């Protein structure tokens, strides 16, 4: 399974969270989800059965994963969220129709209607023998064969939007910290899924002489490949301290991390901590 991507995209004052992941070879699917406030607004699914049939290449899959993630982010930046929503609805309708067709084909055919009452031989007109035409002969030979099932409708093509902006990698353990802003955890520890945590954070200004950053905006995100993201927002007190209490989601597969970002005076600092399965 290839590691996925998580990116925040802002458009007209609203921050959207875009998550793209590989569902694994058992379900060869690249899935992108667009969140806002914990609710899924749009999605994009792209299967890669062709890669498995041609001989699986992880590098090609990673390239497809990143390309799809960039396209989703670029679409939101350009104000095309409604197009993504309509594309999600079309994909959902196509999947529902395909599922219904499979369910119909799997049901046994209805029993034949009952035969009409027997007619006395004396009431029937004398049969006139005739030779079957070539078309009738061919039809009688093929009448016992089942008709080929209709080809499924092709899925809508990926939204093509040019994008050359870098995408944040979910697998990175640490992000760059601004020299003018410092973010740190007061109580360092290991984190495990399912446990309740109290995050106490310190934000400081300055390059040489540090001082508390009062009123700095702090955003905490709990991200995972198998659960919806949790997003919290707060501000530091006059001592530069911010605190958030929450319960980490349970998960038994995939990866998860805590992403913390502080912003003040146009500067930004960020740190990440891995969450163990639990």
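Residue numbers (the numbering used here): 59 to 336.
Quick reminder that beta carbons are idealized off the backbone N, C-alpha and C, glycines included.
Here the structure is a predicted model, which means the values were calculated and not measured.
Alpha carbon to alpha carbon, how far is residue i from residue j?
i           : j           : result
residue 80  : residue 266 : 44 Å
residue 279 : residue 145 : 27 Å
residue 217 : residue 114 : Its pLDDT being 35, under 50, residue 217 is placed unreliably by the model, and nothing is read from it.
residue 93  : residue 310 : 23 Å
residue 83  : residue 284 : 16 Å
residue 321 : residue 154 : 44 Å
residue 85  : residue 315 : 24 Å
residue 274 : residue 257 : 16 Å
residue 336 : residue 67  : 30 Å
residue 248 : residue 334 : 8 Å
residue 260 : residue 287 : 23 Å
residue 303 : residue 263 : 24 Å
residue 246 : residue 255 : 11 Å
residue 270 : residue 78  : 36 Å
residue 238 : residue 108 : 49 Å
residue 90  : residue 142 : 11 Å
residue 300 : residue 124 : 34 Å
residue 294 : residue 126 : 36 Å
residue 325 : residue 244 : 21 Å
residue 268 : residue 120 : 41 Å
Just checking my contact of residue i with residue j at CB under 8 Å: how many whole Å lie between their CB atoms?
i           : j           : result
residue 253 : residue 306 : 6 Å
residue 129 : residue 105 : Contact doesn't hold; Cβ gap of about 16 Å is too wide.
Report the partner residues of residue i according to the DSSP bridge assignment.
i           : result
residue 325 : 322
residue 118 : DSSP, once it has assigned bridges, lists no residue as partnering residue 118.
residue 4   : Given a span of 59 to 336 for the chain in the structure shown, any question on residue 4 remains unanswerable.
residue 249 : 333
residue 294 : The partner list for residue 294 (beta bridge, DSSP) is empty, contrary to what the question assumes.
Taking the alpha carbon of residue i as the point to measure from, which residue in the options has its own alpha carbon closest?
i           : options               : result
residue 313 : 332, 274 and 326      : 332
residue 72  : 139, 123, 287 and 261 : 139
residue 272 : 292, 110, 256 and 287 : 292
residue 75  : 245, 302, 296 and 134 : 134
residue 240 : 112, 295, 64 and 327  : 327
residue 37  : 123, 63, 242 and 136  : Limits of the chain in this structure are 59 at one end and 336 at the other, which puts residue 37 out of reach.
residue 329 : 277, 123, 268 and 97  : 277
residue 70  : 136, 308, 294 and 323 : 136
residue 290 : 282, 268 and 319      : 319
residue 122 : 308, 301 and 63       : 63
residue 338 : 126, 308, 282 and 323 : Because the chain here runs from 59 to 336, residue 338 falls outside it and cannot be looked at.
Nearest chain C C-beta to residue i closer than 8 Å, yes or no?
i          : result
residue 99 : Chain labels in this structure do not include chain C; a single protein chain is all it has.
> Within the chosen definition, does the region 93-108 reach the region 136-153 through at least 3 CB pairs nearer than 8 Å?
Replying inline: yes
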